[in-house]
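First residue of the sequence shown: 8, per our numbering; consecutive thereafter.
Read through the structure below, which is laid out as structure tokens, and then see the notes.
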Amino acid sequence: MSLDQTPLVIAAPARLAVLGGGQLGRFFVRAAQELGYEVWVLDPDPEAPAGRIAERHLIAPYDDADALREIAQHCAAATTEFENVPAPALAWLAQHIPVRPNAAAVAVAQDRREEKGFFVANGFPCVSYAVIVRAEDLEVVPQVCFPGILKTARLGYDGKGQRSVETRDALAQAWQELGQVPCVLEARVALAAELSVIVVRAASGETVAYAPGWNVHRHGILDVTLAPAPLPSAVCAEAQRLAQAMARALDYVGVLGVEFFLTDDGRLLVNELAPRPHNSGHHTIDACAVSQFEQQVRALCGLPLGATTQHSAAVMVNLLGDLWFADGQRREPDWGRILALPQVALHLYGKREARAGRKMGHATVLASKREDAWSVAKVLRQHLGLPPAPEMPLAAKEQG
Ligand code: ADP
Ligand code: MG
């Protein structure tokens with residue numbers, strides 16, 4: 008892996024490029040513009056949320072040679088917000104301008120086989136798994152992988168491209184349903200909790216991590232994050248340590264989201280990496296000294312990293328497109344009721360088309376105490392017609 012050897016500070020008003028124009032890109036554009044930069048977005052979707060607020064939106068595929076050449080000619084540096092930007096496109100750009108994170112690190116996170124191989128090679132604890140590429144591989148899957156979850160190696164997100172597999176007999180069928188593409192079969196573990204760490208690493212090697220968030224998923228999609236996580240401090244410290252070690256091992260420059268499982272029997276396992284800011288770090292916009300998106304700008308431009316200090320407890324609630332169809336017909340949710348609650352920040356991403364499961368926005372509830380933020384979030388969920396979130400893990404009550 009090549010060292011990122013660009014020591015220079017890229018000073019505003021330089022022009023930056025972001026590959027991917029979703030909500031993560033939109034927050035990056037905002038943060039960059041706030042620091043005086045100009046931003047170009049590359050995304051094939053003419054309606055991409057980030058494209059609408061950037062200085063320029065290049066509407067083209069991520070591997071479009073002309074678009075990449077334009078970026079190389081006119082932008083001082085490039086980053087990504089979408090992990091499935093083809094790594095070769097990033098590698099090509101990197102011959103011309105600094106690209107952070109590096110293409111090799113993004114390639115690891117793009118493929119569950121590479122990702123798991125990276126965890127194992129570096130001694131990061133993860134679930135037992137087997138790789139399935141050919142029909143013969145089905146026969147030799149070790150028994151520890153059952154019951155398991157079969158996941159496509161590439162292009163899965165928000166629980167897509169996954170099948171539960173109870174027994175060995177069901178495996179071939181599940182693989183067929185996923186199109187017989189390369190997959191990993193993971194042993195399903197009993198989860199006490201899920202948590203994540205947002206870590207930021209500078210080209211200088213300086214690394215900082217935010218306090219872990221406790222994540223609750225619904226139908227495979229992140230529903231709620233409570234930060235700081237109401238989990239034992241030793242678990243949180245270990246998750247931060249592992250996330251920082253992973254960023255170093257990948258020679259990573261930028262913002263890296265690391266998802267973890269805490270198992271029923273107390274083991275902390277790495278689930279997966281996101282080579283970009285992460286949905287579970289959205290509370291950093293409203294609850295931290297410097298947001299994960301500003302950190303992405305700082306790391307990209309060789310500026311000092313910011314403090315990850317969290318000034319308020321925060322609950323982030325994802326607002327999915329389902330909310331627009333609560334009564335069977337399309338209707339804008341009643342945001343007034345949400346905004347009337349104490350210390351609620353509402354972020355809507357400007358997506359015109361609401362679809363089930365589509366991330367349309369998020370709300371962040373702040374309070375000085377975790378329990379208070381959680382209580383307001385309960386009311387917020389009721390107002391929106393969302394089912395109640397589960398109880399906080401017990402450690403919260405012990406810690407106060
Ligand atoms: P995605 O890329 O869609 O986020 P994940 O691998 O993170 O895929 O899986 C989504 C969710 O499914 C996880 O956050 C977790 O709730 C559940 N899950 C995934 N793998 C396992 C596993 N091996 N054991 C138990 N639960 C799992
Ligand atoms: Mg995940």
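Note that beta-carbon positions come from the ideal geometry of N, C-alpha and C, so glycine has one too.
Review point. If we count the other Cβ atoms within 10 Å of its Cβ and call it buried at 16 or more, is H226 buried or exposed?
Key: Taking the sequence shown and counting its residues from 1, one reaches residue 226 at position 219. When all chains shown are included, H226 counts as exposed.
Exercise for review: Go to R120, then tell me how far its alpha helix (DSSP H) extends in each direction, as first and last residue.
Suggested key: Position 113 of the sequence shown, counted from the first residue, corresponds to residue 120. Where R120 is concerned, the enclosing alpha helix (DSSP H) starts and stops at R119 to A128.
Check your understanding: In three-state terms, what does DSSP make of V75?
Key -> Within the sequence shown, the letter at position 68 stands for residue 75. Per the sequence shown, the amino acid found at residue 75 is Leu instead of Val. In the three-state reduction of the DSSP assignment, L75 falls in the helix class.
**Study point:** Proximity of T371 and A294 at Cβ, strictly below 8 angstroms
**Key:** Translated into the one-based positions of the sequence shown, residue 371 becomes position 364. Translated into the one-based positions of the sequence shown, residue 294 becomes position 287. Their beta carbons are under 8 angstroms apart, which means T371 touches A294 by this criterion.
Practice item. Would you check whether the ligand ADP has a heavy atom nearer than 7 angstroms to the C-beta of V351? Key: Taking the sequence shown and counting its residues from 1, the one referred to as residue 351 is at position 344. Outside the cutoff, so no.
Check your understanding: Nearest-angstrom Cα distance between T174 and Q183?
Key -> As a first step, residue 174 must be located in the sequence shown, where it is residue number 167. As a first step, residue 183 must be located in the sequence shown, where it is residue number 176. Distance from the CA atom of T174 to the CA atom of Q183, rounded to whole angstroms, is 15 angstroms.
**Study point:** Reference V151; option with closest CA among L192, R255 and T87
**Key:** On the sequence shown, residue 151 is found 144 positions in, with the first residue counted as 1. Minimum Cα-Cα distance from V151 among the listed residues L192, R255 and T87 corresponds to L192.
Practice item. Would you mind listing the alpha helix (DSSP H) stretches within the stretch 300-340 that are 4+ residues and don't spill past its ends, in chain order? Key: The qualifying runs do not exist here; there are none.
Exercise for review: Taking 8 angstroms as the threshold, find out whether the stretch 262-272 comes into contact with the stretch 37-55 through three or more Cβ pairs.
Suggested key: They do not touch, by the three-pair rule.
Review point. Going by beta carbon distance, what residues of the same chain come within less than 6 angstroms of A179, once the five residues before and after it are set aside?
Key: For the purposes of this step, residue 179 is identified with residue 172 of the sequence shown, where counting begins at 1. The beta carbon of A179 sits closer than 6 angstroms to the beta carbons of L145 from its chain, once the five residues preceding and following it are set aside; these are given in chain order.
Review point. Which ranges would you report for the alpha helix (DSSP H) in the stretch 184-272 if only whole runs of at least 4 residues count?
Key: The stretch 184-272 contains these whole alpha helix (DSSP H) runs: 240-256.
Review point. Do you know offhand how far W331's Cα is from A361's?
Key: Taking the sequence shown and counting its residues from 1, the one referred to as residue 331 is at position 324. Taking the sequence shown and counting its residues from 1, the one referred to as residue 361 is at position 354. In a straight line, the C-alpha of W331 is about 7 angstroms away from that of A361.
Check your understanding: Whose CB is closer than 7 angstroms to a heavy atom of the ligand MG? List the residues in chain order.
Key -> Here the list is E266, N278 and E279.
Review point. Going by Cα to Cα distance, which pick from Q117, F126 and A79 is closest to H103?
Key: The residue you call residue 103 lines up with position 96 of the sequence shown. The candidate whose alpha carbon is nearest that of H103 is A79.
Exercise for review: Tell me whether T159 is buried or exposed, calling it buried when 16 or more other Cβ atoms sit within 10 Å of its Cβ.
Suggested key: As a first step, residue 159 must be located in the sequence shown, where it is residue number 152. By the neighbour-count rule (16 or more Cβ atoms within 10 Å), T159 is buried.
Check your understanding: Looking at the unbroken alpha helix (DSSP H) that takes in S382, where does it start and where does it end?
Key -> Sequence index remark: in the sequence shown, residue 382 carries index 375 (1-based). Looking at the DSSP string, the run of the alpha helix (DSSP H) that includes S382 is R377 to L391.
Review point. Mind checking whether the beta-carbon of V196 lies closer than 7 angstroms to any heavy atom of the ligand ADP?
Key: Along the sequence shown, read from residue 1 onward, the residue named residue 196 stands at position 189. Result yes, Cβ under 7 angstroms from the ligand ADP.
Practice item. Can you have a look at A208 and say buried or exposed, based on whether 16 or more other CB atoms are within 10 angstroms of its CB? Key: Along the sequence shown, one-based indexing puts residue 208 at 201. The question names Ala, yet the displayed sequence has Arg at residue 208. By the 16-neighbour rule on beta-carbons within 10 angstroms, R208 is buried.
Check your understanding: Looking at the structure shown, is L276 part of a helix, part of a strand, or coil, going by DSSP?
Key -> Taking the sequence shown and counting its residues from 1, one reaches residue 276 at position 269. Strand, per DSSP.
**Study point:** Residues bridged to I139 [DSSP beta-bridge criterion]
**Key:** Here residue 139 corresponds to residue number 132 of the sequence shown, with the count starting at 1. Partner(s): C190.
Exercise for review: Taking 8 angstroms as the threshold, find out whether the stretch 62-81 comes into contact with the stretch 338-350 through three or more Cβ pairs.
Suggested key: Three or more beta-carbon pairs separated by less than 8 angstroms are not found between the stretch 62-81 and the stretch 338-350, which leaves the two stretches without contact.
Check your understanding: Pick from F126, L162, A21 and L97: whose alpha carbon is nearest that of A111?
Key -> The sequence position of residue 111 within the sequence shown is 104, counting from 1. A111 has its Cα closest to that of L97, out of F126, L162, A21 and L97.
Check your understanding: What did DSSP end up calling C82 once you bin it into helix, strand or coil?
Key -> For the purposes of this step, residue 82 is taken as residue 75 along the sequence shown, with counting starting at 1. Three-state DSSP puts C82 in coil, outside helix and strand.
Check your understanding: Which partner residues does T174 have in the DSSP bridge list?
Key -> Reading the sequence shown from its first residue, position 167 is the one you call residue 174. Residue pairing by DSSP places T174 opposite no residue, since no beta bridge is assigned to it.
**Study point:** Rounded C-alpha distance that separates H289 from P395
**Key:** As a first step, residue 289 must be located in the sequence shown, where it is residue number 282. As a first step, residue 395 must be located in the sequence shown, where it is residue number 388. H289 and P395: Cα-Cα distance of roughly 21 angstroms.
Review point. Helix or strand or just coil, what does DSSP make of I66?
Key: By 1-based counting over the sequence shown, the position of residue 66 is 59. In this structure, DSSP gives I66 a state outside helix and strand, which the three-state scheme calls coil.
Exercise for review: Grab the span of the alpha helix (DSSP H) containing A94 for me, first residue to last.
Suggested key: The residue you call residue 94 lines up with position 87 of the sequence shown. Start and end: A94 to A101.
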